[in-house]
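Asker:
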Amino acid sequence: MPITNEPTSEQPIPVPTDIAGHWAEQEIVGAVAKGIIAGYPDGTFRPNLPVTRAEFASLLDRVLALPDGNPSDFEDQGDIPAWASEAVAAVAEAGIVGGYPDRSFCPGAPLSRIETAALMARAARLPAMNTQRTSFADDDAIAEWALPFINAAYEAGLVRGQSLNRFNPSAPITRAEAVVLLSRMASLR
17 MPITNEPTSE QPIPVPTDIA GHWAEQEIVG AVAKGIIAGY PDGTFRPNLP VTRAEFASLL
77 DRVLALPDGN PSDFEDQGDI PAWASEAVAA VAEAGIVGGY PDRSFCPGAP LSRIETAALM
137 ARAARLPAMN TQRTSFADDD AIAEWALPFI NAAYEAGLVR GQSLNRFNPS APITRAEAVV
197 LLSRMASLR
């Protein structure tokens, strides 16, 4: 994920060349203008690319302006890119993100919709909702551990279903979806 300095008043904010007409165009332009996320050096944004766990941790850290955290003790700490290590430490220390049962973080793994809902609910400090099933058509595919997070994030308006009222819990979240979710979370603050 390209990271650039925030533009000065003399520098125009470049609008990515590949988002015209995209369903998330306005949110992407806003996030780029605020310095939350950047486009690529070739002028594109690539809104449909998946977001990795390290990238999303970095985005959350920027949106929440978290205090610095102590270096995390993930088994794969050495695999966390230098540009993301402070953000991963901050979101881990804030209790927003944790590792997997094997104590790995898997920084380069695409972030799934189910993981994203959990991170968003924790980041927004939403109260845990009931663990009843959801109203999504693919409810049976949603892991039980995630139900309180998905229900809380859904009730708060952070997450929604996709076509045919499906949540698609295992689907990776895209750059465009990440920007929209973070925009929604920022509006709750």
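The number in this note's numbering is simply the position in the sequence shown, starting from 1, with 16 added.
A virtual CB, placed ideally from N, CA and C, is assigned to each residue, including glycine.
The structure displayed is predicted, hence computed values, not measured ones.
#1: Below 7 Å CB to CB, which residues in the same chain sit around asparagine 86 once its five sequence neighbours on both sides are set aside?
#2: Please list, in chain order, all residues of the same chain as arginine 200 whose beta carbon is under 7 Å from its beta carbon, the five residues on each side excluded.
#3: Measure the alpha-carbon distance for valine 133 versus leucine 197 and round it to whole angstroms.
#4: Please return the same chain residues whose Cβ sits closer than 7 Å to the Cβ of alanine 194, not counting the five positions on each side in sequence.
#5: For the alpha helix (DSSP H) containing tryptophan 39, name the first residue and the last one.
#6: Thinking C-beta only, is arginine 69 closer than 8 Å to leucine 127?
#7: By a C-beta neighbour count over all protein chains shown, 10 Å radius and 16 as the cutoff for buried, is serine 151 buried or exposed?
#8: Which term fits proline 18, buried or exposed, when burial requires 16 or more other beta carbons within 10 angstroms of its beta carbon?
#9: Relative to the C-alpha of tyrosine 170, which candidate in Arg78, Asp92, Met145 has its C-alpha closest?
#10: For asparagine 167, report the span of its alpha helix (DSSP H) as first-last.
#11: How many Å lie between threonine 20 and isoleucine 44 at the Cα?
#12: Nearest-angstrom Cα distance between aspartate 84 and phenylalanine 90?
#13: Can you tell me whether DSSP reads serine 128 as helix, strand or coil?
#14: For alanine 29, count neighbouring C-beta atoms within 10 Å of its own C-beta (all shown protein chains included) and say buried if the count is 16 or more, exposed if not.
#15: So the alpha helix (DSSP H) alanine 77 belongs to, where does it begin and stop?
Answerer: Taking the definition as stated:
#1: Indexing the sequence shown from 1 puts residue 86 at position 70. So the qualifying residues of the chain are Ala105, Glu109.
#2: In the sequence shown, the residue the question calls residue 200 occupies position 184. Correct list, in chain order: Gly173, Leu174.
#3: In the sequence shown, counting from the first residue as 1, residue 133 sits at position 117. In the sequence shown, counting from the first residue as 1, residue 197 sits at position 181. Note that residue 133 corresponds to alanine in the displayed sequence, not to valine. If I take the Cα positions, the gap works out to 9 Å.
#4: As a first step, residue 194 must be located in the sequence shown, where it is residue number 178. Counting only Cβ-Cβ distances below 7 Å, and skipping sequence neighbours, we find Val67, Phe72, Leu75.
#5: The residue you call residue 39 lines up with position 23 of the sequence shown. Here tryptophan 39 belongs to no alpha helix (DSSP H), and DSSP marks it neither H nor E.
#6: Here residue 127 refers to the residue found at position 111 when the sequence shown is read from its first residue. Here residue 69 refers to the residue found at position 53 when the sequence shown is read from its first residue. Yes, these two residues count as a Cβ contact at 8 Å.
#7: Residue mapping note: residue 151 aligns to position 135 of the sequence shown, counting from 1. By the 10 Å Cβ count, serine 151 comes out exposed.
#8: Locating residue 18 in the sequence shown gives position 2, where the first residue counts as 1. In this predicted model, proline 18 has a pLDDT of only 48, less than 50, meaning its place in the structure is not dependable; the value taken from the coordinates is given anyway. Result: exposed.
#9: Here residue 170 refers to the residue found at position 154 of the sequence shown. Minimum Cα distance to tyrosine 170 is reached at Met145.
#10: Residue 167 sits at position 151 when you count from the first residue of the sequence shown. Counting along the chain, the alpha helix (DSSP H) containing asparagine 167 begins and ends at 163-171.
#11: One-based indexing of the sequence shown puts residue 20 at position 4. One-based indexing of the sequence shown puts residue 44 at position 28. With a pLDDT of 44 at threonine 20, under the threshold of 50, the modelled position of this residue cannot be trusted; read the value that follows with caution. Taking the straight line from one Cα to the other gives about 15 Å.
#12: The residue labelled residue 84 in the question sits at position 68 within the sequence shown. The residue labelled residue 90 in the question sits at position 74 within the sequence shown. Straight-line Cα distance between these residues: approximately 17 Å.
#13: Taking the sequence shown and counting its residues from 1, one reaches residue 128 at position 112. In this structure, serine 128 counts as strand in the three-state DSSP scheme.
#14: Residue mapping note: residue 29 aligns to position 13 of the sequence shown, counting from 1. The residue asked about is misnamed: residue 29 is isoleucine in this sequence, not alanine. The residue is exposed, with fewer than 16 neighbouring Cβ atoms inside 10 Å.
#15: Stepping through the sequence shown from its first residue, residue 77 is reached at position 61. First, the amino acid is wrong: residue 77 is aspartate here, not alanine. Unbroken alpha helix (DSSP H) run through aspartate 77: 69-80.
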